[in-house]
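This report refers to the structure that appears directly beneath it.
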Amino acid sequence: MKLILFGIFCILSLIEADIIDTRTIEVSDMIQCCSKTIIMEFCEAPKKAKIELWDYFKVFPDTLLHSMETENVTKYSFKWSDEKIFDVKPILKIHVECKDGTIFDEKYDYTETKPTMISQNVKVLNS
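In case it helps, mature numbering (1 follows the signal peptide of the UniProt record, and there is no 0) puts the sequence shown at residues -17 to -1, 1 to 110.
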């Protein structure tokens, strides 16, 4: 019981000392599946897309902060906010399934910049 009370006291002390801060990251942009001909490029919404915001750690496993799935939509947008002791080192993982069967998986590393806003446009060229 003393250990629990001590833990609560430590957390409250960190909050009062402004060591724990609210971190916020906004993520948005477009995902398109495109076919290219000699004359023009035709783009449409993907059949499915999954957008994940992760917090990168060197020693411990990465932590999933937010996940979003879309169907037949080109634009995506979400806002993640939480109280953290340490800086968030964001990684954005995007999985796209196009209507023609093309699958695209990519990881975008923002760990060096530590942004509060991420805008990542994705254009998948169909095979």
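Ideal Cβ placement from N, Cα and C applies to all residues, glycine included.
Because the structure is a prediction, the values reported are computed rather than measured.
For residue i, count the other beta carbons within 10 Å of its own beta carbon; 16 or more makes it buried, fewer makes it exposed. Which is it?
i: V56; result: exposed
i: D4; result: exposed
i: L(-15); result: exposed
For residue i, which three-state DSSP category applies?
i: A(-1); result: Because A(-1) sits at a pLDDT of 47, beneath the cut-off of 50, its placement in the model cannot be relied upon, and the point is left open.
i: I22; result: coil
i: F(-12); result: helix
i: E52; result: strand
Check the Cβ-Cβ distances between residue i and every residue of chain D, and say whether any is below 8 Å.
i: V107; result: Structure shown: chain D not included; a single protein chain is present.
Tell me whether the beta-carbon of residue i lies closer than 8 Å to the beta-carbon of residue j.
i: A13; j: N109; result: It is Met, not Ala, that sits at residue 13 in the sequence shown. No, these two residues do not count as a Cβ contact at 8 Å.
i: I101; j: Y93; result: yes
i: Y39; j: I77; result: no
i: E9; j: T99; result: yes
i: K30; j: C81; result: yes
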